[in-house]
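S.K.:
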Amino acid sequence: MSDSTLRIGLVLPDVMGTYGDGGNALVLRQRARMRGIDAEIISITLDDEVPDSLDVYTLGGAEDYAQRLATRHLTRYPGLQRAAAAGRPVLAICAAIQVLGHWYETSAGERVDGISLFNLTTAPQQTRSIGELVTDPVLPGLTQPLSGFENHRGGSTLGDDATPLGRVRHGVGNGVGDGTEGVVAGSVIGTYLHGPALARNPELADFLLARAIGTDSLAPLDLPEVDRLRSERLAAARR
Ligand code: GLN
Numbered sequence: 016m017s018d019s020t021l022r023i024g025l026v027l028p029d030v031m032g033t034y035g036d037g038g039n040a041l042v043l044r045q046r047a048r049m050r051g052i053d054a055e056i057i058s059i060t061l062d063d064e065v066p067d068s069l070d071v072y073t074l075g076g077a078e079d080y081a082q083r084l085a086t087r088h089l090t091r092y093p094g095l096q097r098a099a100a101a102g103r104p105v106l107a108i109c110a111a112i113q114v115l116g117h118w119y120e121t122s123a124g125e126r127v128d129g130i131s132l133f134n135l136t137t138a139p140q141q142t143r144s145i146g147e148l149v150t151d152p153v154l155p156g157l158t159q160p161l162s163g164f165e166n167h168r169g170g171s172t173l174g175d176d177a178t179p180l181g182r183v184r185h186g187v188g189n190g191v192g193d194g195t196e197g198v199v200a201g202s203v204i205g206t207y208l209h210g211p212a213l214a215r216n217p218e219l220a221d222f223l224l225a226r227a228i229g230t231d232s233l234a235p236l237d238l239p240e241v242d243r244l245r246s247e248r249l250a251a252a253r254r
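Numbering follows the numbering used here, in which position 189 of the sequence shown is assigned residue number 204; successive positions increment by one, without gaps.
(1) Under 8 Å Cβ to Cβ from Ile228, same chain only, skipping five residues before and after it: list those, please.
(2) Please report how far the alpha carbon of Thr172 lies from the alpha carbon of Val241, in whole angstroms.
(3) Are there any heavy atoms of ligand 1 lying less than 8 Å away from the beta-carbon of Gly201, as far as the coordinates show?
(4) Give the DSSP-derived three-state secondary structure of Gly181 in the structure shown.
(5) Rounded to whole angstroms, what is the Cα-Cα separation between Gly35 and Leu180?
(6) Thinking C-alpha only, which one of Tyr80, Gly205 and Arg91 is nearest Arg126?
(7) Using a strict less-than 5 Å threshold between each residue's beta carbon and the heavy atoms of ligand 1, what residues do you get?
(8) Alpha carbons only, please: which of Glu147, Leu208, Ala252 and Asp176 is nearest the one belonging to Gly37?
(9) When the Cα atoms are used, what is the spatial distance from Thr73 to Arg254?
(10) Which class does Ala107 belong to by DSSP, given the choice of helix, strand or coil?
(11) Give me, in chain order, the residues of the same chain whose beta-carbon lies closer than 6 Å to that of Asn134; leave out the 5 immediate sequence neighbours on both sides.
(12) Determine which residues share a DSSP beta bridge with Arg168 and list them.
(13) For the putative contact between Thr86 and Gly129, defined by C-beta atoms under 8 Å, what is the C-beta separation to the nearest angstrom?
(14) Beta-carbon separation of Leu61 and Val105 under 9 Å?
(15) What whole-angstrom Cβ distance do Val26 and Ile59 have, given they're in contact under 8 Å?
(16) Starting from Gly146, trace the beta strand (DSSP E) in both directions and tell me its first and last residue.
As structure tokens, then:
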């Protein structure tokens, strides 16, 4: 962490804010504050250059057109790429996985170059994947099932040496029939889980927070309402 305040980058909420994923930054801030750590959210919009000096970054889902605007901005101001190269944790949701890959094809068939933080490509699936998504994480350090809501037309094919975030238990995930969900490349994590994902998956929130702060262990938080939300959503996926 750069100084005594944890700085959480909410990247392009003006164009990648359609699915409520800005909540991930709120969850990180709140879970830090509950442990007595000062934290603030820095919103980076299309009017701003992307800084490379923040402690953790979150990017949300978007519709195809907005996603293209975001791609252009991240290519023009490569602060996120520098932050990722320096090992800063980054959470990329849905459209952001696609933008952070090598390229993606929109539903209209246009191919757009991404910023290649992830070794993957994305093309439209036959049908849109919508519904509850539950996965078993394969990322060391995560032990609890991941729960969320997916809503995407794009299906992402991982490159040969790319590591998924999890294996699908319920739902579609990356959507190319290999049972994978999401992707991990160094400190950068991508997932199709909306929810927001960090509200539904406190273990993932603390995984990112611990790396942002530079600690191996965070004091546990006792939040029965979060446990109830998890049980309720995991049960909904089984119904
Ligand atoms: N526009 C992308 C797709 O449909 C991403 C959607 C999203 O972010 N939920 O695949």
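We put the CB at the ideal spot given by N, CA and C, even for glycine. Owing to the predicted nature of the structure, the values given are computational and were not obtained by experimental measurement.
M.R.: For this structure:
(1) Met16, Leu21, Ala47, Ile52 and Asp70, listed in sequence order.
(2) A straight-line Cα-Cα distance of about 32 Å links Thr172 and Val241.
(3) No, since every heavy atom of ligand 1 falls outside the 8 Å radius drawn around the Cβ of Gly201.
(4) In the structure shown, Gly181 sits in a strand (DSSP, three-state: E or B).
(5) Near 21 Å, if we compare the C-alpha coordinates of Leu180 and Gly35.
(6) For Arg126, the closest C-alpha among the options Tyr80, Gly205 and Arg91 is that of Tyr80.
(7) Selection output, chain order preserved: Gly76, Asp79, Cys109, Ala110, Asn166, His167, Arg168 and Gly169.
(8) Nearest option by C-alpha distance: Leu208.
(9) Here the alpha carbons of Arg254 and Thr73 stand approximately 31 Å from one another.
(10) In this structure, Ala107 counts as strand in the three-state DSSP scheme.
(11) Gly174 and Ala177.
(12) Answer is none; Arg168 lacks a bridge partner.
(13) With a Cβ gap of about 6 Å, Thr86 and Gly129 count as contacting.
(14) Going by C-beta atoms, Leu61 is not nearer than 9 Å to Val105.
(15) Rounded to whole angstroms, the Cβ separation of Val26 and Ile59 is 5 Å, and the two are in contact under 8 Å.
(16) Annotation for Gly146: the continuous beta strand (DSSP E) segment containing it runs Leu135 to Pro152.
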